Amino acid sequence: MKEHTIQTSKQPKNMKSFLLKLGMATLFGVMMMTAMLGLGARTASAKVHTANANADVVSMIRQVFGPHANQAINIARCESHFNPNATNSQAIGNSHAAGVFQILYPSTWNGTPMAGSSPYDAYANIKAAYHIFQRDGYSWYEWQCQP
């Protein structure tokens with residue numbers, strides 16, 4: 583009887599190569615999915631944080647502006663999208679628009695009772711905007727955006 587020799591040296595090598603490639607592809611896929619899910623979680627978290635921050639700004643506007651709050655909210659949404667750190671890089675004179683209501687800093691800002699605070703402090707910016715609004719006879723004429 584003739585013995586059949588099975589060549590095992592080539593099969594395991596090919597099988598090992600296949601498994602190694604499969605393992606690397608699987609590992610790469612898992613890493614990509616983890617990265618995508620991680621990015622998605624951070625993006626969702628950032629959106630929630632932004633929504634909460636916007637709600638806080640809107641709440642402060644309602645508190646300060648009272649019966650004029652809806653108009654003020656429209657102005658702030660248009661001017662800065664409720665972003666306390668918004669800055670307009672285009673200078674007007676020697677000033678730049680800053681904060682929630684984009685008040686010119688330092689020129690207009692320094693004429694408000696909030697001059698000792700930062701224009702990037704949301705509450706201070708809202709209070710200064712109310713002062714300007716009230717000083718101007720409850721008018722929005724100083725703002726480019728209108729209710």
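Under this note's numbering, the first residue of the sequence shown carries the number 583, and numbering increases by one thereafter.
Each residue gets a CB set at the ideal place from its N, CA and C atoms; glycine is no exception.
Keep in mind it's a predicted model, so treat the numbers as computed, not measured.
Supposed contact pair residue j and residue i - C-beta distance, whole angstroms, cut 8 Å
i	j	result
Pro666	Val646	So it is not a contact: roughly 14 Å between Cβ atoms.
Ser699	Tyr687	No, Ser699 and Tyr687 are not in contact; Cβ-Cβ is about 11 Å, not under 8 Å.
Pro729	Asn656	4 Å
Tyr712	Met642	The pair is not a contact, with the Cβ atoms about 10 Å apart (cut-off 8 Å).
Ala680	Pro701	4 Å
Ala697	Gln684	Contact doesn't hold; Cβ gap of about 16 Å is too wide.
Buried or exposed by the 16-neighbour rule on C-beta atoms within 10 Å, applied to residue i
i	result
Asn634	exposed
Met618	Confidence at Met618 is low in this model, with a pLDDT of 47, below 50, so the placement of that residue is unreliable and no value is reported for it.
Met614	Low confidence applies to Met614: its pLDDT is 48, below 50, so where it sits in the model is not reliable, and the reading given next is rough at best. Exposed, by the Cβ-count rule.
Gln716	exposed
Lys592	Here the model assigns Lys592 a pLDDT of 48, short of 50, so the residue's position is not dependable, and the following value carries that caveat. Classification for Lys592: exposed.
Ala658	buried
Trp725	buried
Alpha-carbon to alpha-carbon, residue j and residue i
i	j	result
Gly675	Thr690	11 Å
Ala626	Ala637	Per-residue confidence for Ala626 stands at a pLDDT of 43, beneath the threshold of 50, marking its modelled position as unreliable; the derived number appears in the next sentence. Near 16 Å, if we compare the C-alpha coordinates of Ala637 and Ala626.
Lys709	Ala673	23 Å
Asn707	Cys727	16 Å
Ser662	Ala654	12 Å
Val682	Asn652	15 Å
Gly693	Gly648	23 Å
Gly620	Tyr723	Residue placement at Gly620 is flagged as unreliable, the pLDDT there being 48, under the threshold of 50; the coordinate-derived value follows with that caveat. The straight-line gap from Cα to Cα measures roughly 46 Å.
Phe664	Gly719	24 Å
His650	Arg644	8 Å
Ile714	Ser721	9 Å
Cys660	Asp703	18 Å
In DSSP terms, what residue i is bridged to
i	result
His678	Tyr687
Write down every uninterrupted run of the alpha helix (DSSP H) in the stretch 641 to 672 whose length is 4 residues or greater and which is fully enclosed by it, in chain order.
651 to 662
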